[in-house]
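Numbering of the sequence shown is given in my numbering, commencing with residue 12 and proceeding in unit increments.
Note that beta-carbon positions come from the ideal geometry of N, C-alpha and C, so glycine has one too.
Quick caveat, the model's predicted, so the values are computed rather than measured.
This report refers to the structure that appears directly beneath it.
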Amino acid sequence: MGDFLEGLPSYNENNFARFHADASHRSSKPTVYISTKDHPSEQVIKTEKTNILLKYLHQQWDKKSPNKKRDSQKANLCDGNEASSSSKVARVNSTDSN
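This is how it looks when you write it as structure tokens:
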């Protein structure tokens with residue numbers, strides 16, 4: 012067994028010169044948050060169902076392309092003039108397709 016471990020870095024005692032066994036046994040106190048504001052006791056914390064990354068990507072998309080969303084004024088056809096408010100072109104049927 013000694014031949015198998017010979018030459019490995021853990022075999023050399025100098026590799027552990029800075030290691031102190033008693034230092035690893037010390038346990039530090041856990042960090043505790045103490046609130047400076049008094050929140051109501053009936054306050055309920057609930058998680059959002061939307062993923063944080065997806066929410067961020069949607070916000071970035073909205074910032075980059077605000078004009079791609081449908082404008083509410085263009086969507087309303089309350090004045091009755093569909094040709095002026097619509098960007099669609101009427102279909103033209105051609106009889107000379109042959």
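Inset, instruction - Can you tell me which of the three DSSP states His50 falls into? - result: Residue state, collapsed to three classes: coil.
Inset, instruction - With DSSP as the reference, label Ile63 as helix, strand or coil. - result: When DSSP states are grouped into helix, strand and coil, Ile63 belongs to the helix group.
Inset, instruction - Just the C-alpha distance for Ser124 and Ser46, rounded to the nearest angstrom, thanks. - result: Residue coverage of the chain in this structure runs from 12 to 109, which leaves residue 124 outside it and unanswerable.
Inset, instruction - In angstroms with no decimal places, state the Cα-to-Cα distance between Ala94 and Asn104. - result: Note that Ala94 has pLDDT 47, beneath the 50 cutoff, so the model's placement of it is unreliable and the number below is only indicative. About 18 Å.
Legend entry - Helix, strand or coil at Asn104 [DSSP, three-state]: In the structure shown, Asn104 sits in coil (DSSP, three-state: anything other than H, G, I, E or B).
Legend entry - Separation of Asn62 from Lys75, as counted between CA atoms: When rounded, the separation of the alpha-carbon atoms in Lys75 and Asn62 is 20 Å.
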